[in-house]
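The listed protein sequences correspond, in order, to chains A and B. With the numbering used here applied, the first sequence corresponds to residues 118 to 335, in that order. With the numbering used here applied, the second sequence corresponds to residues -15 to 215, in that order. The structure appears below as structure tokens.
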Amino acid sequence: MALDKHGIAKRIARELKDGFYVNLGIGIPTLTANYIPEGMEVILQSENGLLGIGPFPTKDEIDPDLINAGKQTITAIPGAAFFDSSNSFGMIRGGHIDLTVLGAFEVSQEGDIASWKIPGKLVKGMGGAMDLVASARNIIVATTHTDKDGKSKLIKKCTLPLTGVKCVKRVITDLAVVDIVPGGFKLVERAPGVSVEEIKDATEGILIIEGDIPEMKI
Amino acid sequence: MNKVVKNANEAIEGIRDNATIMFGGFGLCGIPENCLKALAETKIKGLTCISNNAGIDDFGLGVLLRKHQMKKMIASYVGENKEFERQLLSGELEVELIPQGTLAERIRAGGAGIPAFFVPAGYGTEVQGDKEVREFNGKMHLLEKGLTADFAIVKAKTGDTHGNLIYNKTAYNFNGVIATAGRITIAEVEELVPFGTLDPNHIHTPGIFVQRIFQGTNYEKRIEFATTRDK
Chain A
118 MALDKHGIAK RIARELKDGF YVNLGIGIPT LTANYIPEGM EVILQSENGL LGIGPFPTKD
178 EIDPDLINAG KQTITAIPGA AFFDSSNSFG MIRGGHIDLT VLGAFEVSQE GDIASWKIPG
238 KLVKGMGGAM DLVASARNII VATTHTDKDG KSKLIKKCTL PLTGVKCVKR VITDLAVVDI
298 VPGGFKLVER APGVSVEEIK DATEGILIIE GDIPEMKI
Chain B
-15 MNKVVKNANE AIEGIRDNAT IMFGGFGLCG IPENCLKALA ETKIKGLTCI SNNAGIDDFG
45 LGVLLRKHQM KKMIASYVGE NKEFERQLLS GELEVELIPQ GTLAERIRAG GAGIPAFFVP
105 AGYGTEVQGD KEVREFNGKM HLLEKGLTAD FAIVKAKTGD THGNLIYNKT AYNFNGVIAT
165 AGRITIAEVE ELVPFGTLDP NHIHTPGIFV QRIFQGTNYE KRIEFATTRD K
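So, in structure tokens, the structure goes:
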């Protein structure tokens, strides 16, 4: 069975390590915060100027001066730090963020990502996505394997305007975990109950299958 | 030294048609509400506005947009504004979308007297355009230019009469850099205190960057997405 978005988030959480500073993009990546393993310390960065994102506030705690990059009200953990936007992107551009997780419309087998613009339809802007993908040491894309119409998002070459080139290292989808390697997408894990054939059918790019592919542990 | 002005109307004095103005804030968080409102009540037009976002349809920069006072918008993300998308797609509004970190750094550089610098963001994308490309440490970079403006308008929590500013939480955001990059920087604050009363250890923006300051009134501080947990 394909994973739901919470399943994907749980699998992303397994990429976290104690002491990591992590930037989670809007959507599925943000859900990962709910599945940080107990006892593990991970500090979440919000590019609008916060290290140490806490849980959503209670109704009484809402503060309009405290939001995340998705403009949602949030809290800050004890020990958090606030800073301005140039300092924030200094952290990002300077390679100080250990892991960046973001969504995408398309990922190519060379590690290119398209995530910000659909010509003629969607002109929202790139926000901080281009800065993040150009500089993060470790970039994971979290997405459904196919779009609403069943079209593969893991493709040979991106058709939409790019966010960054040759930057994605790993893609975690509702069907599989794949790594970007020379020559294509290397299948690393299958979602529980999903066959290699199903993953192959849902992948337009070259899928490299070597040996037995284990099921994800989530 | 007298930097204190009475109110927003006095603060925006001298802003003419076709001026370039930077506005602090991220989404609706930390935007200079009083000055935005005062500008929307004037007939000033042809503005080039530099801000991370473009407000929403009926608040923030969205109001200047709806009144067609804006000729050009330079921003990183404009997603929450339908009128913006409409004016952009119809060609009424000129738009330059810049990666957020590059925008922040261009403003920082402008304020710090750095004419240009290299960053990796946008390489190989449509942001690259005809910018100079250079390889450093095996990685491709784009030449980006420092950015300044005729006026920079910021909002802080506390300020003193000499323009020293302290921001609150994530309302710091673009305000910190934008304060440095205006030929005239206007600060509106929730609380204006006498010079000499703020702890020098806590100043975010030193007063040298600020030319005009006033205590704002009636802050709405609208929230775009109120998200809560139960207990």
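Glycine residues also receive a C-beta, built at the ideal position from the N, C-alpha and C atoms. Here the structure is a predicted model, which is why all the values come from computation and not from measurement.
| task | Anything in the stretch 96 to 114 of chain B with a Cβ closer than 8 Å to a Cβ of chain A? List those residues in chain order, please. | result | Val103, Pro104, Ala105, Gly106, Tyr107, Gly108, Thr109, Glu110 and Val111
| Comparing the C-beta of A/Asp229 with each C-beta of chain B, is any distance below 9 Å? | yes
| query | From B/Ala47 to A/Ile170, what does the alpha carbon distance come to, in whole angstroms? | reply | This sequence places Val at residue 47 of chain B; Ala is not what is there. The alpha-carbon atoms of B/Val47 and A/Ile170 are separated by roughly 31 Å.
| task | Look at the alpha carbon of A/Lys270 and the alpha carbon of A/Phe222, and state the distance between them as a whole number of angstroms. | result | 6 Å
| query | Between A/Lys188 and A/Ile145, what straight-line distance do the alpha-carbon atoms span, to the nearest angstrom? | reply | 16 Å
| request: Between the Cα of A/Asp180 and those of B/Asn152, B/Asn159 and B/Glu172, spot the shortest distance and give me the residue it belongs to. | output: B/Asn152
| Would you say B/Gln84 reaches chain A, if we count a Cβ-Cβ gap shorter than 9 Å as a contact? | yes
| If we cut at 9 Å on Cβ distances, does B/Lys141 have a partner in chain A? | yes
| message | If we require 4 or more residues per run, which alpha helix (DSSP H) segments fall completely within the stretch 39 to 117 of chain B? | response | 45 to 50, 66 to 73 and 84 to 95
| In whole angstroms, what separates the C-alpha of A/Ile305 from that of A/Asp329? | With the sequence shown as reference, residue 305 of chain A is identified as Val, and Ile is not the correct amino acid for it. C-alpha separation (whole angstroms): 9 Å.
| field | Collapsed DSSP secondary structure at A/Asn140 in the structure displayed | value | strand
| said: Within 9 Å of any Cβ in chain B, is that where the Cβ of A/Gly255 sits? | reply: For clarity, residue 255 of chain A is Asn in the given sequence; the question names Gly instead. It does not; no Cβ of chain B falls within 9 Å.
| For A/Asp248 and B/Ser218, the rounded distance between their alpha carbons | No information on residue 218 of chain B is available, as it lies outside the stretch -15 to 215 that chain B covers here.
| query | Is the CB of B/Val62 under 9 Å away from at least one CB in chain A? | reply | yes
| query | Within 9 Å (strictly less), CB to CB, does A/Asp276 reach chain B? | reply | Looking at the sequence provided, one finds Thr at residue 276 of chain A rather than Asp. No, because no Cβ of chain B sits closer than 9 Å to the Cβ of A/Thr276.
| task | Assign A/Pro195 to one of three DSSP states: helix, strand, or coil. | result | strand
| said: Within 9 Å of any Cβ in chain A, is that where the Cβ of B/Ala155 sits? | reply: yes
| request: Go ahead and label B/Tyr107 buried or exposed: buried means 16 or more other beta carbons lie within 10 angstroms of its beta carbon, across all protein chains shown. | output: buried
| request: Take the Cβ of B/Ile162 as the centre, count every other Cβ of all protein chains shown within 10 Å, and call the residue buried at 16 or more, exposed below. | output: buried
| What residues are listed by DSSP as bridge partners for A/Leu279? | BP columns for A/Leu279 are empty, so no partner.
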